[in-house]
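*Asks:*
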Amino acid sequence: MYYIDLAVSGLSFGCMYAMMAVGLTLVYGLLRILHVAHAAIFALGAYITVLVANASGSVGFGLLAAIAVTPLFGMAVYRLLYEPLLSYRPDVPMIASVGLLVLMQDAFRIAFGEQGVTFQHNAYAFRIFDIAGVRVNAVQIAMLVCAIVVFAGLHFFTTHTRIGIGWRATVSRPRIATSFGVDAVRVRYLNFAIGSALAALAGGLVGLLNNLVDPVIGYVVSYKALAIIVLGGLGSVRGTLIASLVLGMVESYGTIFVGTWLNRDAIAFVALIALLMIRPQGFSGARTA
Amino acid sequence: MSAYGISLLSVVGLNVILAVSLNMISGFCGQISLGHGAFYGAGAYAAALALIAGAGVAAALICGSAAAAILGTIVGFASLRVRSDFLAVTTIGVSFLFTGFVRKQAWLGGEMGISNIPGSGFGAMGNMIMILLFAAVTVAFSFYIGRSWMGFAFRAVSQDEDAAKTLGVNVGAYKLAAFAIGTALAGLAGALYAFFTQFITADTFDFILSVMLMAMVVIGGVGSTAGVVIAAILLTLLPEAIRFVNNYRLLVFGGLLVLVIRLAPGGIAGLARRLAWSTAKQ
Numbered sequence: 001m002y003y004i005d006l007a008v009s010g011l012s013f014g015c016m017y018a019m020m021a022v023g024l025t026l027v028y029g030l031l032r033i034l035h036v037a038h039a040a041i042f043a044l045g046a047y048i049t050v051l052v053a054n055a056s057g058s059v060g061f062g063l064l065a066a067i068a069v070t071p072l073f074g075m076a077v078y079r080l081l082y083e084p085l086l087s088y089r090p091d092v093p094m095i096a097s098v099g100l101l102v103l104m105q106d107a108f109r110i111a112f113g114e115q116g117v118t119f120q121h122n123a124y125a126f127r128i129f130d131i132a133g134v135r136v137n138a139v140q141i142a143m144l145v146c147a148i149v150v151f152a153g154l155h156f157f158t159t160h161t162r163i164g165i166g167w168r169a170t171v172s173r174p175r176i177a178t179s180f181g182v183d184a185v186r187v188r189y190l191n192f193a194i195g196s197a198l199a200a201l202a203g204g205l206v207g208l209l210n211n212l213v214d215p216v217i218g219y220v221v222s223y224k225a226l227a228i229i230v231l232g233g234l235g236s237v238r239g240t241l242i243a244s245l246v247l248g249m250v251e252s253y254g255t256i257f258v259g260t261w262l263n264r265d266a267i268a269f270v271a272l273i274a275l276l277m278i279r280p281q282g283f284s285g286a287r288t289a
Numbered sequence: 290m291s292a293y294g295i296s297l298l299s300v301v302g303l304n305v306i307l308a309v310s311l312n313m314i315s316g317f318c319g320q321i322s323l324g325h326g327a328f329y330g331a332g333a334y335a336a337a338l339a340l341i342a343g344a345g346v347a348a349a350l351i352c353g354s355a356a357a358a359i360l361g362t363i364v365g366f367a368s369l370r371v372r373s374d375f376l377a378v379t380t381i382g383v384s385f386l387f388t389g390f391v392r393k394q395a396w397l398g399g400e401m402g403i404s405n406i407p408g409s410g411f412g413a414m415g416n417m418i419m420i421l422l423f424a425a426v427t428v429a430f431s432f433y434i435g436r437s438w439m440g441f442a443f444r445a446v447s448q449d450e451d452a453a454k455t456l457g458v459n460v461g462a463y464k465l466a467a468f469a470i471g472t473a474l475a476g477l478a479g480a481l482y483a484f485f486t487q488f489i490t491a492d493t494f495d496f497i498l499s500v501m502l503m504a505m506v507v508i509g510g511v512g513s514t515a516g517v518v519i520a521a522i523l524l525t526l527l528p529e530a531i532r533f534v535n536n537y538r539l540l541v542f543g544g545l546l547v548l549v550i551r552l553a554p555g556g557i558a559g560l561a562r563r564l565a566w567s568t569a570k571q
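Residue numbers (this note's numbering), protein chains in the order written: chain A, 1 to 289; chain B, 290 to 571.
Take a look at the structure:
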């Protein structure tokens, strides 16, 4: 049963990575910027969740608040940081983004303490279900359900609504989309808003799972998400989804097979570097790196 | 001189070497590296192992530089495959791999690091003088490279790789040279650090350090040796001079990084140039 437990944990982490990374890959698709500070939004979402949940006594309320507030922040990051830097080499906005991540993580540390904040009423983290001998945590189930709902919703949105179709068109062919009357700038705002909300949801769920939100919550996730979007073929939602699940699984099993000489978090980077060296253009071949 | 002053000046010297060497890779040659801390660490670990094995000061310094340069040249090959932001991502990966790998290695001390590294025998003052001498040599070397043919080639690669190739510049060779030289100097700093603290852990050489070094280069002015030296000195002394800054170090560094890129992309050097220009016009 140990191997199945690992699969469950891998799957739930994969779902979390997918929610985190989808915004990132779409930002890349639209703007050709590696939005490292996406992880800061993930952390912001986690903090809002824990603070509102503790203040109101309801975890669901905390998650809703995080989903409501972070899109504004994401759009502000685009407007104030990335938009003025679009004409520079792509590494310039990326380094600015790293700077913003470091700044925000430290701001969280200063504001809410080194030790982080724990949930006062978090019944879910300790509620374990026993399904045919497999132990599943309630938060893990929530991650899975959230990811399914989110991706089904995104699929519907981008195939059945005018705004969603315009969004997709802008990601794949910005110029042609513009000539068909799509407002590319508004698509960017939409993209940052939705991506940030999903990252915040993922952050809140990770906080619930660990029953702790600490200042370093975003660091490792941020670079893993970069690895995922490269593995998934930049700008491709489906590729990102697959890469997230694969990474979740590989990490889960990797800890028992290679855990003695490499720590869990480094596995993603081995995969990332190997892939970049073998296929610098990514799996999809869409981009010249 | 107080023990505090000695250790502070030593740290300033180390940061100057690191920032100037990163500037050779990322400033002169335009190859963005966010993993410079890993080369610093490789140098420190190699020197520590050499010292424990009974090597002398010079041998340890050579070991440190050589280990870092070998690792750096390997990473340099990555710059032949990927450019710009993707090279940055690759080097971030290198940084995490380095710390992730070292933490799990028993022969490198694992999580505990290596303690009781034999000293240089020069004392704290002697170490400081050695560090500052090497820092001065590194800065002089950086000025020399900037004016040499190699410096021109670096700048050509940095500004337009394809144009440089068309002009017959061997782009790949110069990129590798930039990585080899820059990382060898980082390894040298690592070896000096091993003498300075006699105790090293993987956490010292993490990604945050690499970001801080990149902040020094960007704030100083990408490609300007003088600017980067000034930034490295100021940014090392600032947290010491203003006590409250010390607690908010990353906040200040991250904030400065964002503000400089956003408002004054030329950094200190760019501002100085603009100032000189406007006074010359009057």
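Even for Gly, the Cβ is constructed at its ideal location relative to N, Cα and C.
Taking 7 angstroms as the limit between beta carbons, can you name the residues of its chain near F328(B), skipping five residues before and five after?
*Replies:* Within the second sequence, residue 328(B) is the residue found at index 39, counting from 1. Here the set comprises A357, L360, G361, T472, A475, G476.
*Asks:* Starting from the beta carbon of M503(B), find every residue of chain A whose beta carbon is closer than 7 angstroms, and list them in chain order.
*Replies:* For the purposes of this step, residue 503(B) is taken as residue 214 along the second sequence, with counting starting at 1. Under the 7 angstroms cutoff, chain A gives I95.
*Asks:* With three or more beta-carbon pairs closer than 8 angstroms as the criterion, would you say the stretch 183-194 of chain A touches the stretch 21-36 of chain A?
*Replies:* The stretch 183-194 of chain A, when compared against the stretch 21-36 of chain A, does touch it at the 8 angstroms Cβ threshold.
*Asks:* Could you tell me the alpha carbon to alpha carbon distance between R562(B) and S437(B), rounded to whole angstroms?
*Replies:* Walking along the second sequence from the start, residue 562(B) turns up at place 273. Walking along the second sequence from the start, residue 437(B) turns up at place 148. Cα to Cα, R562(B) sits roughly 22 angstroms from S437(B).
*Asks:* Measuring CB to CB, does V300(B) end up less than 7 angstroms from T455(B)?
*Replies:* The count along the second sequence starts at 1 and reaches residue 300(B) at position 11. The count along the second sequence starts at 1 and reaches residue 455(B) at position 166. No, the Cβ-Cβ distance between V300(B) and T455(B) is not below 7 angstroms.
*Asks:* Less than 6 angstroms between C-beta atoms, sequence neighbours within five positions excluded: which residues of the same chain meet that for F432(B)?
*Replies:* In the second sequence, residue 432(B) corresponds to position 143, counting from 1. Closer than 6 angstroms at Cβ, skipping near neighbours: T514.
*Asks:* Using a Cβ-Cβ distance cut-off of 7 angstroms, determine whether V139(A) contacts chain B.
*Replies:* By 1-based counting over the first sequence, the position of residue 139(A) is 139. Answer no: the Cβ-Cβ gap between V139(A) and chain B never drops below 7 angstroms.
*Asks:* W167(A): buried (16+ other C-beta within 10 angstroms of its C-beta) or exposed?
*Replies:* Position 167 of the first sequence holds residue 167(A). It counts as buried.
*Asks:* Using a 10 Å radius around the Cβ and a threshold of 16 neighbouring Cβ atoms, would you call H121(A) buried or exposed?
*Replies:* If you number the first sequence from 1, residue 121(A) lands on position 121. Under this definition H121(A) is an exposed residue.
*Asks:* Is there at least one Cβ from chain A nearer than 7 angstroms to R392(B)'s Cβ?
*Replies:* Locating residue 392(B) in the second sequence gives position 103, where the first residue counts as 1. Judged by the 7 angstroms Cβ criterion, R392(B) is in contact with chain A.
*Asks:* Inspect the beta-carbon positions of V145(A) and I4(A) and report whether they are closer than 7 angstroms.
*Replies:* Translated into the one-based positions of the first sequence, residue 145(A) becomes position 145. Translated into the one-based positions of the first sequence, residue 4(A) becomes position 4. No, the Cβ-Cβ distance between V145(A) and I4(A) is not below 7 angstroms.
*Asks:* Beta-carbon within less than 6 angstroms of I434(B)'s beta-carbon, same chain only, minus the 5 sequence neighbours each way: which residues are those?
*Replies:* Within the second sequence, the letter at position 145 stands for residue 434(B). Closer than 6 angstroms at Cβ, skipping near neighbours: G440.
*Asks:* Can you list, in chain order, the residues of its chain with a C-beta nearer than 8 angstroms to that of V98(A)? Leave out the 5 residues immediately preceding and following it.
*Replies:* For the purposes of this step, residue 98(A) is taken as the residue at position 98 of the first sequence. Same-chain partners within the cutoff: V36, A37.
*Asks:* Going along chain C in order, which residues have a C-beta closer than 8 angstroms to the C-beta of D106(A)?
*Replies:* Of the chains in the structure shown, none is chain C; the protein chains are A and B.
*Asks:* Answer yes or no: the CB of A68(A) versus the heavy atoms of the ligand GDP, is any distance below 6 angstroms?
*Replies:* Annotation note on the ligand GDP: not contained in the displayed structure, which lists no ligands.
*Asks:* In or out: A292(B) buried (at least 16 other Cβ within 10 Å) or exposed?
*Replies:* The count along the second sequence starts at 1 and reaches residue 292(B) at position 3. The residue in question, A292(B), is exposed, as its Cβ has fewer than 16 Cβ neighbours within 10 Å.
*Asks:* At what residues does the alpha helix (DSSP H) containing R436(B) begin and finish?
*Replies:* If you number the second sequence from 1, residue 436(B) lands on position 147. Here the alpha helix (DSSP H) through R436(B) covers 412-436.
*Asks:* Is the stretch 323-341 of chain B touching the stretch 378-393 of chain B in the sense that three or more CB pairs, one from each, lie closer than 8 angstroms?
*Replies:* With the cut-off at 8 angstroms, the stretch 378-393 of chain B and the stretch 323-341 of chain B touch.
*Asks:* From what residue to what residue does the beta strand (DSSP E) around V136(A) run?
*Replies:* Position 136 of the first sequence, counted from the start, is the residue given in the question as residue 136(A). Run containing V136(A): 134-137, per the beta strand (DSSP E) assignment.
*Asks:* Between the C-alpha atoms of V309(B) and G233(A), what's the straight-line distance to the nearest angstrom?
*Replies:* To locate residue 309(B), count along the second sequence from 1; it is residue 20. To locate residue 233(A), count along the first sequence from 1; it is residue 233. Cα to Cα, V309(B) sits roughly 35 angstroms from G233(A).
*Asks:* Should A227(A) and L272(A) be called a contact, given that it needs their Cβ atoms to be closer than 7 angstroms?
*Replies:* To locate residue 227(A), count along the first sequence from 1; it is residue 227. To locate residue 272(A), count along the first sequence from 1; it is residue 272. Going by C-beta atoms, A227(A) is nearer than 7 angstroms to L272(A).
*Asks:* Using the Cα positions of A46(A) and V77(A), report the straight-line distance between them to the nearest angstrom.
*Replies:* As a position in the first sequence, residue 46(A) is number 46, starting the count at 1. As a position in the first sequence, residue 77(A) is number 77, starting the count at 1. Going by the C-alpha atoms only, they are around 18 angstroms apart.
*Asks:* State the DSSP-derived secondary structure class of L86(A), mapped to helix, strand or coil.
*Replies:* Working through the first sequence from its first residue, we reach residue 86(A) at position 86. DSSP places L86(A) in coil when its eight states are reduced to three.
*Asks:* Helix, strand or coil: which one does DSSP assign to T490(B)?
*Replies:* Along the second sequence, one-based indexing puts residue 490(B) at 201. T490(B) falls in the coil class under three-state DSSP.
*Asks:* Taking only the alpha-carbon atoms, compute the straight-line gap between G343(B) and S368(B) and give it to the nearest angstrom.
*Replies:* What you label residue 343(B) is simply residue 54 of the second sequence in a count that begins at 1. What you label residue 368(B) is simply residue 79 of the second sequence in a count that begins at 1. So the two alpha carbons sit approximately 36 angstroms from each other.
*Asks:* Report yes if the C-beta distance between P84(A) and D374(B) is below 7 angstroms; otherwise report no.
*Replies:* Taking the first sequence and counting its residues from 1, one reaches residue 84(A) at position 84. Taking the second sequence and counting its residues from 1, one reaches residue 374(B) at position 85. Not a contact, by the Cβ cut-off of 7 angstroms.
*Asks:* Go ahead and pull the three-state DSSP assignment for F129(A).
*Replies:* As a working mapping, residue 129(A) is identified with position 129 in the first sequence. It is a strand residue.
*Asks:* Would G285(A) pass as an interface residue toward chain B - the criterion being a Cβ-Cβ separation below 7 angstroms?
*Replies:* Sequence index remark: in the first sequence, residue 285(A) carries index 285 (1-based). Residue placement at G285(A) cannot be trusted, given a pLDDT of 46 that sits under 50; what the coordinates show is reported in the next sentence. Taking Cβ atoms only, chain B never reaches closer than 7 angstroms to G285(A), which makes this a no.
*Asks:* Assign V216(A) to one of three DSSP states: helix, strand, or coil.
*Replies:* Walking along the first sequence from the start, residue 216(A) turns up at place 216. Residue state, collapsed to three classes: coil.
*Asks:* Could you give the uninterrupted runs of the alpha helix (DSSP H) lying entirely in the stretch 24-60 of chain A, keeping only those of 4 residues or more?
*Replies:* Qualifying alpha helix (DSSP H) stretches, in chain order: 38-56.
*Asks:* Determine, for F269(A), whether the minimum Cβ-Cβ distance to residues of chain B falls below 7 angstroms.
*Replies:* Within the first sequence, numbered from 1, the residue matching residue 269(A) stands at position 269. Yes, its Cβ sits closer than 7 angstroms to a Cβ of chain B.
*Asks:* Does Y223(A) come within less than 7 angstroms of chain B when only Cβ atoms are used?
*Replies:* Position 223 of the first sequence holds residue 223(A). Yes, its Cβ sits closer than 7 angstroms to a Cβ of chain B.
*Asks:* Could you name the residues of the stretch 70-90 of chain A whose beta carbon sits closer than 9 angstroms to any beta carbon of chain B, in the order they occur along the chain?
*Replies:* Within the stretch 70-90 of chain A, the residues whose Cβ lies closer than 9 angstroms to some Cβ of chain B are L80, L81, P84, L85, Y88, R89, P90, listed in chain order.
*Asks:* Taking the alpha-carbon of Q320(B) as reference, which of D449(B), G345(B), E529(B) has the nearest alpha-carbon?
*Replies:* Locating residue 320(B) in the second sequence gives position 31, where the first residue counts as 1. The shortest C-alpha separation from Q320(B) is found at D449(B).
*Asks:* Using the beta-carbon count (16 or more within 10 Å), is L247(A) buried or exposed?
*Replies:* For the purposes of this step, residue 247(A) is identified with residue 247 of the first sequence, where counting begins at 1. L247(A) comes out buried.
*Asks:* Taking 8 angstroms as the cut-off, does the stretch 53-72 of chain A touch the stretch 210-218 of chain A (at least 3 CB pairs, one atom from each stretch)?
*Replies:* At 8 angstroms Cβ cutoff, the stretches do not touch.
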